[in-house]
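K.L.:
Residue numbering for the sequence shown is 1 to 178, as defined by UniProt numbering. Yeah, the Cβ is synthetic: ideal placement off N, Cα and C, and Gly gets one too.
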Amino acid sequence: MIYNRRKRAQFYEEQKGLYAAAVHNARLAIEQGTATEDDFDFIRRDEEENARVKKITADKAAKAAKKGIFASGKDWLFSGLKKEEEGDDVGSSQRRIGFESLSEEDDGMGERESDILRAIEDKKESVERKVKQAFADEKDRQRAGGPLDRIGTPAKENSGSEDDRPKSGGWTSFMTRR
Numbered sequence: 001m002i003y004n005r006r007k008r009a010q011f012y013e014e015q016k017g018l019y020a021a022a023v024h025n026a027r028l029a030i031e032q033g034t035a036t037e038d039d040f041d042f043i044r045r046d047e048e049e050n051a052r053v054k055k056i057t058a059d060k061a062a063k064a065a066k067k068g069i070f071a072s073g074k075d076w077l078f079s080g081l082k083k084e085e086e087g088d089d090v091g092s093s094q095r096r097i098g099f100e101s102l103s104e105e106d107d108g109m110g111e112r113e114s115d116i117l118r119a120i121e122d123k124k125e126s127v128e129r130k131v132k133q134a135f136a137d138e139k140d141r142q143r144a145g146g147p148l149d150r151i152g153t154p155a156k157e158n159s160g161s162e163d164d165r166p167k168s169g170g171w172t173s174f175m176t177r178r
């Protein structure tokens, strides 16, 4: 296998040498004025091939220099970070972070801060109402007692909710859905 590779490499080197010698002889014949039509065609094809190879290598170099889809996407995604850190546009509240974004008097958007505070207060009030309602419901349950507290007492028809009433037992209750 190595022998075949070595032979192939030698063959290609010999062919390159023969080609270079033929090009040199054709150019020499053109310079001396003894060139034939075949020499002119050979040199023309050689120049066309060299131009094609140069174009291909230039295209490959341009393609290698061109950013790929991931690099361009990454640049697009993180392009604004440097601007945010430098703070180019002082009036923009979207670009400021931390405490600066809370104090917006210089921004011309002072009503935004009051809207946020109003929303926070509304949320606090709704949570307080829910907590008060939950405590009131728990006090009612403690006065009435739970299902275990009512085991020994006679049951009234309208006394408890449906969850507090004892369920009708039996192994067939799953069929009747009671």
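Just mark A26 as buried or exposed, buried being the case when its beta carbon has 16 or more other beta carbons within 10 Å.
P.N.:
Burial call: buried.
K.L.:
Kindly give me the distance between the Cβ atoms of F42 and A22, rounded to whole angstroms, as I take these residues to be in contact under 8 angstroms.
P.N.:
7 angstroms between Cβ atoms; contact.
K.L.:
Within its chain, find whatever has a CB closer than 8 angstroms to the CB of I30; leave out the 5 residues flanking it on each side and keep chain order.
P.N.:
Excluding sequence neighbours, I30 sits near D39, F40, I43.
K.L.:
Do you know offhand how far G145's Cα is from A136's?
P.N.:
Rounded to whole angstroms, G145 to A136 spans 14 angstroms at the Cα level.
K.L.:
If I follow the unbroken alpha helix (DSSP H) through S173, where does it start and stop?
P.N.:
Counting along the chain, the alpha helix (DSSP H) containing S173 begins and ends at 173–176.
K.L.:
For L81, which three-state DSSP category applies?
P.N.:
L81: helix per DSSP, three-state reduction.
K.L.:
By the DSSP assignment, the alpha helix (DSSP H) with I30 in it spans what residues?
P.N.:
It spans 2–32 - the alpha helix (DSSP H) in which I30 sits, taken as one unbroken run.
K.L.:
Kindly indicate the opening and closing residues of the alpha helix (DSSP H) around K55.
P.N.:
Run containing K55: 37–65, per the alpha helix (DSSP H) assignment.
K.L.:
Closest to E49 by C-alpha separation, out of Y19, Y3, K130, would be which residue?
P.N.:
For the residues Y19, Y3, K130, the minimum Cα distance to E49 belongs to Y19.
K.L.:
Under a three-way DSSP split, which group does I151 fall into?
P.N.:
Coil.
K.L.:
For V90, name the three-state secondary structure that DSSP assigns.
P.N.:
Any reading at V90 needs caution, since the residue's pLDDT is 49, under 50, leaving its predicted position unreliable; the model's value is listed next. Coil at V90, not helix or strand.
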